[in-house]
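Residue numbers (this note's numbering): 56 to 114.
All C-beta atoms in this analysis are idealised placements derived from N, C-alpha and C, irrespective of residue type, glycine included.
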């Protein structure tokens with residue numbers, strides 16, 4: 056895998072983490088527990104992040 060592809064994958068990870076961080080911070084700011092849909096989205100993002108990081112490591 057080229058350095059360009061690795062850089063692009065790292066950028067994808069950064070975007071996914073940023074989206075996940077927004078969800079986590081919003082959930083933390085609210086006094087009520089987050090709804091199931093928000094929790095599911097956080098988990099989905101974590102799964103995607105891990106998958107992309109695995110791709111980077113396997114290169």
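Pick from the options that is closest to residue i, judged by C-alpha positions
i           : options           : result
residue 109 : 57, 58, 64, 59    : 64
residue 46  : 62, 85, 69        : Lying before the first or after the last residue shown, residue 46 is absent from the chain, which here runs from 56 to 114.
residue 98  : 62, 58, 71        : 71
residue 75  : 107, 111, 94, 114 : 94
Three-state class that DSSP yields for residue i in the structure shown
i           : result
residue 85  : coil
residue 72  : helix
residue 114 : coil
residue 106 : helix
residue 57  : coil
Cα-Cα separation between residue i and residue j, rounded to whole angstroms
i          : j          : result
residue 80 : residue 67 : 20 Å
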